[in-house]
Amino acid sequence: MNNFFRLQGSNLSVGEPDPTHPLQRRPGPRPPLTAAPLGRPYATPPPPPPVSPQCVACCDTLEPRRFLRLGCRCAYCSSCLTHLFTRALTDETLYPPSCHGSHIELAKARPHLPYPLLRTYRHKSVELNTKNKVYCSNAGKCNEFIAPYSIHNGKAFCQNCGQVTCVKCKEKEHWGPCEENNGVLGVMQMAGEMKWQACPECKRVVEKAHGCNHILCRCGTDFCYACGSIYGWCNCDMDEEDEDDMLDRDMILDVRDDELPQRQPRRELEEDIIEDTMVAPFGWGEDEFTDR
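Following the numbering used here, the numbering of the sequence shown begins with 3 at its first residue and continues without gaps.
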């Protein structure tokens, strides 16, 4: 429609639009819409390159799928993981293998361990998890651990040599009541005279060379050297030395009834007792004044 209505005074007239009038000017063509180019400041930065994990033991850079990541976010290479499980079989204080207080599950570590170690570890785990251990009384030739499933009616049947061991006295099968274990009785009598102390859990005997009365046994039990009870359950005073200066678990003498036959003949026990009972403060290794 080319005409428009114009109001002049009181008269309404129709005429051509005035292109100079701001209200009557027709809009010009609009420029086409185009996408604004992405400027460099607004571009998404590229992701950082993946960081290769390092083994917490040897600090070597680990290859993909050749390491184990634990729940504590620590990573172990196959070599260090194998060493960790091997040490656990030779040192009872390191069993089971753990990191930051959490046990390393065998199912997760299995792909990184050699088969011979897996087989030995499964067999040894039964022994380490058994409290009242029984070993073959044929100490000179066998001395093998007898698993609980091979014990019936107080008799332990060795699967290696076939000898039967009495579970109570740990000697060869016999008729009648067990004879008194004179070797153990002598050691316990000596411990009382020398004021040694025995762990209330595993009955290992220790002699405190120095340090406080807080003893940490190889079996993991904390007990008081002064009274022999579980640590924290008594009112005994600690020595003036630091409370954390506990005795070394690795140097505690083992004279438990269930392990005497396989460790050494009982007639030799009293001869070696004095040499083996000296203990060092917790945290000291073989080198003098050197932390582990």
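Beta carbons: idealized from backbone N, C-alpha and C, even for Gly.
Simplified DSSP assignment, three categories, for residue i
i	result
S104	strand
R82	A small fix is needed here, since residue 82 is Cys in this sequence, not Arg. Three-state DSSP puts C82 in a helix.
T167	strand
K133	coil
T92	helix
K172	coil
A109	helix
W177	coil
M253	Unreliable positioning characterises M253 in this predicted model, as indicated by a pLDDT of 45, which lies under 50. The coordinate reading is nonetheless provided below. Three-state result, M253: helix.
Q264	Confidence at Q264 is low in this model, with a pLDDT of 42, below 50, so its placement is unreliable and no value can be given for it.
Cβ-Cβ separation, residue j to residue i (assumed contact under 8 Å), whole Å
i	j	result
G230	A200	6 Å
Q165	N140	5 Å
K174	V136	Contact flag wrong, Cβ pair sits at about 12 Å.
L64	P55	5 Å
P150	T122	Not a contact, Cβ separation roughly 19 Å.
G156	C168	7 Å
I148	C163	That belief does not hold up - the Cβ atoms of I148 and C163 are roughly 11 Å apart, past 8 Å.
Terminal residues of the alpha helix (DSSP H) in which residue i lies
i	result
R124	Y117 to L130
Where the beta strand (DSSP E) through residue i begins and ends
i	result
K157	K157 to F159
R71	F69 to R71
Closer than 7 Å: residue i CB and nearest the ligand NAD heavy atom
i	result
E175	Inclusion of the ligand NAD in the displayed structure is not the case, the ligand content being empty and no account of it being possible.
Whole beta strand (DSSP E) elements within the stretch 182 to 224, 3-residue minimum: Qualifying beta strand (DSSP E) stretches, in chain order: 216 to 218.
Any 3 or more C-beta pairs closer than 8 Å across the stretch 87 to 96 and the stretch 64 to 78: no
Segment contact, 8 Å Cβ cut-off, at least three pairs: the stretch 101 to 109 with the stretch 54 to 74: A contact is defined here as three or more CB-CB pairs under 8 Å, and the stretch 101 to 109 meets this definition with respect to the stretch 54 to 74.
Given 8 Å, three or more beta-carbon pairs between the stretch 111 to 122 and the stretch 200 to 214: no
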